[in-house]
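A short worksheet on the structure shown next.
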Amino acid sequence: MKKSFVFVLAAFLVFTSCTAKNKDTHLAVDKNGKTVVERYGNLQILKNTLCDQNGNPVQLRGMSSHGLQWYGKYANNNVIRWLREDWNCQIFRTALYLGEGGFINNGSLKFLVFESIESCIKNGMYVLVDWHVLSDKDPMLYKNRAVEFFSEIAEKYGSYPNIIYEICNEPNGRNVTWDNNIKPYAEEVIATIRKYDPDNIIIVGTPNWSQDVDVAAKNPITEQKNIMYTLHFYAGSHGDKLRRKASKALKAGIPLFVTEWGTTKDSGDGGVFEKETLEWMEFLQKNNISWVNWSINNKGEDSGILKYNADKSGDGNWNEDDLSPSGIFVRKILRNEIDIK
Ligand code: DCB
16 MKKSFVFVLA AFLVFTSCTA KNKDTHLAVD KNGKTVVERY GNLQILKNTL
66 CDQNGNPVQL RGMSSHGLQW YGKYANNNVI RWLREDWNCQ IFRTALYLGE
116 GGFINNGSLK FLVFESIESC IKNGMYVLVD WHVLSDKDPM LYKNRAVEFF
166 SEIAEKYGSY PNIIYEICNE PNGRNVTWDN NIKPYAEEVI ATIRKYDPDN
216 IIIVGTPNWS QDVDVAAKNP ITEQKNIMYT LHFYAGSHGD KLRRKASKAL
266 KAGIPLFVTE WGTTKDSGDG GVFEKETLEW MEFLQKNNIS WVNWSINNKG
316 EDSGILKYNA DKSGDGNWNE DDLSPSGIFV RKILRNEIDI K
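Residue numbering for the sequence shown is 16 to 356, as defined by my numbering.
Okay, here's the thing in structure tokens:
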């Protein structure tokens, strides 16, 4: 009788302290006014998990821009500050497309990347610098541009703990393989970054739109430290099957980062899948996998967090009337208003 009472009490205490711990670790700014970067400092990988400077596992959560060539007006300090204050975002992703009118034909887009990085530094947030391989499929295609771009970023900002490099968004196409294309590309870009920045986290895309993490796990990058691997999902298209691949990769020992996910189908549209999203949220929280939601735009697609034509100038300061159903839902998750088990 007594024994079982002690057991129940102990279980209760462990349960409540875990819950409290999770909520606190998810704060963009804690009760003492400390930003997430002030608390966590230089991130590092221990075993297969992202950890803070003291070696405690952490899960970062935040929002992604849409393509900077289209919605770069949201990659500014008004919006980034609002995401921290109102959305409780700890991380912001700046999506530099290469094709579709992106960086390859419009080099000036890098100034928007600089602006977002500097806002994140000012606001004490982490920033994911995303080399958004997509229509161009094979990262090898613009490898020289990537080497040049990441040298500049690493030299300029590599001394800040805020920076996380995402060197290859979503390689895709049957001929674009981990062994022959992605890994060799990654090794070269990583070596370049490491000339200027010895330790910030670098995340490498995986085959098949960053879904085949199990393939990367069979032949990981071993020469360098603080390397992670990209896992992407869209809740309306991907479920248990992709989570099984992720578990397999984690078991094999590689750390994963969900640098992009959507509440919708993998087209970025097709409805909001709340129940399926919550299944993913539980999986990610259990495994300490950080995530960034796609995306900040007002074009009227379901994965966009703003309503069609809301906030035309990039002011931030959104009220619920400005937000799409996905925006309302994701904001609640970020603000810890929905309990993730
Ligand atoms: C990824 C891309 C991202 C894309 C979203 C949703 O693509 F990383 O750039 O965003 O997932 O599809 C969409 C925007 C649209 C835009 C379009 C093209 O939301 O507004 O018009 O990009 O720039 C994925 C992800 C998964 C898969 C396919 C794609 N998949 N894809 O599993 O087949 O083809 O873009």
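C-beta: ideal position from N, C-alpha, C; glycine also.
Are the CB atoms of residue j and residue i within a distance shorter than 8 Å?
{"i": "TYR112", "j": "LEU83", "result": "yes"}
{"i": "LYS280", "j": "GLY254", "result": "no"}
{"i": "ASN351", "j": "LYS38", "result": "yes"}
{"i": "LEU58", "j": "GLY87", "result": "no"}
{"i": "ILE197", "j": "PRO222", "result": "yes"}
{"i": "LEU299", "j": "ILE320", "result": "no"}
{"i": "ILE182", "j": "ALA169", "result": "no"}
{"i": "ASN241", "j": "ILE60", "result": "yes"}
{"i": "SER80", "j": "SER310", "result": "yes"}
{"i": "GLY114", "j": "LEU149", "result": "yes"}
{"i": "ASP153", "j": "THR109", "result": "no"}
{"i": "SER131", "j": "ILE95", "result": "yes"}
{"i": "TRP276", "j": "ASN308", "result": "yes"}
{"i": "ARG259", "j": "GLN239", "result": "no"}
{"i": "ILE205", "j": "ILE217", "result": "yes"}
What do you reckon, is the C-beta of residue i under 7 Å from a heavy atom of the ligand DCB?
{"i": "SER282", "result": "yes"}
{"i": "LEU111", "result": "no"}
{"i": "GLY82", "result": "yes"}
{"i": "LEU149", "result": "yes"}
{"i": "ASN184", "result": "yes"}
{"i": "LYS260", "result": "no"}
{"i": "TRP193", "result": "no"}
{"i": "VAL309", "result": "The sequence shown places Trp at residue 309, rather than the Val named in the question. Yes - the ligand DCB has a heavy atom lying nearer than 7 Å to the Cβ of TRP309."}
{"i": "TYR249", "result": "yes"}
{"i": "TRP224", "result": "yes"}
{"i": "LYS240", "result": "no"}
{"i": "LYS14", "result": "Residue coverage of the chain in this structure runs from 16 to 356, which leaves residue 14 outside it and unanswerable."}
{"i": "GLY48", "result": "no"}
{"i": "SER123", "result": "no"}
{"i": "SER341", "result": "no"}
{"i": "GLY277", "result": "yes"}
{"i": "GLU115", "result": "yes"}
{"i": "SER328", "result": "no"}
{"i": "SER318", "result": "yes"}
Could you tell me which of the options sits nearest to residue i, measuring between CA atoms?
{"i": "ASN120", "options": "ARG160, ASN351, HIS253", "result": "ARG160"}
{"i": "LEU265", "options": "TYR249, SER282, MET243", "result": "MET243"}
{"i": "PHE107", "options": "GLY117, GLY87, CYS135", "result": "CYS135"}
{"i": "LEU271", "options": "ILE304, ASP153, VAL287", "result": "ILE304"}
{"i": "ILE348", "options": "GLY56, MET296, THR64", "result": "MET296"}
{"i": "ASN302", "options": "VAL73, ASN103, THR40", "result": "VAL73"}
{"i": "ILE179", "options": "LYS322, THR274, PRO235", "result": "THR274"}
{"i": "ASP227", "options": "LYS240, ASP101, LEU257", "result": "LEU257"}
{"i": "GLY285", "options": "TRP306, SER341, ASP336", "result": "SER341"}
{"i": "VAL345", "options": "GLY77, ILE168, LEU65", "result": "GLY77"}
{"i": "PHE288", "options": "VAL51, SER318, ALA267", "result": "SER318"}
{"i": "ALA267", "options": "LYS233, CYS66, SER282, LYS240", "result": "LYS233"}
{"i": "ASP67", "options": "VAL51, GLY315, GLU115", "result": "VAL51"}
{"i": "PHE165", "options": "SER79, GLU133, GLU203", "result": "GLU203"}
{"i": "ASN184", "options": "ILE168, LYS263, HIS147", "result": "HIS147"}
{"i": "THR278", "options": "LYS260, SER262, TRP306, ALA261", "result": "TRP306"}
{"i": "VAL230", "options": "LYS158, ASN69, THR245", "result": "THR245"}
{"i": "GLY220", "options": "ARG96, THR64, SER174, ILE269", "result": "ILE269"}
{"i": "LEU143", "options": "ILE355, ASN334, GLY173", "result": "GLY173"}
{"i": "ASP151", "options": "GLY117, GLU53, SER262", "result": "GLY117"}
{"i": "TYR249", "options": "ALA206, LYS62, ILE132, LEU293", "result": "LEU293"}
{"i": "GLY48", "options": "ILE205, GLU167, SER225, GLU100", "result": "GLU100"}
{"i": "LYS171", "options": "GLU133, ASP194, GLY315, GLU291", "result": "GLU133"}
{"i": "GLU53", "options": "ASN63, TRP193, THR40", "result": "THR40"}
{"i": "TRP224", "options": "THR207, TRP193, PRO199, ILE343", "result": "TRP193"}
Quick one: is residue i near chain B, going by C-beta distance under 8 Å?
{"i": "LEU149", "result": "Looking at the structure shown, chain B is missing, and only one protein chain is on hand."}
With three or more C-beta pairs closer than 8 Å as the rule, is the region 39-59 touching the region 139-149? yes
Taking contact to mean at least 3 C-beta pairs separated by less than 8 Å, is the region 202-214 in contact with the region 186-193? no
Do the region 321-334 and the region 81-101 meet, that is, are 3 or more Cβ pairs less than 8 Å apart? yes
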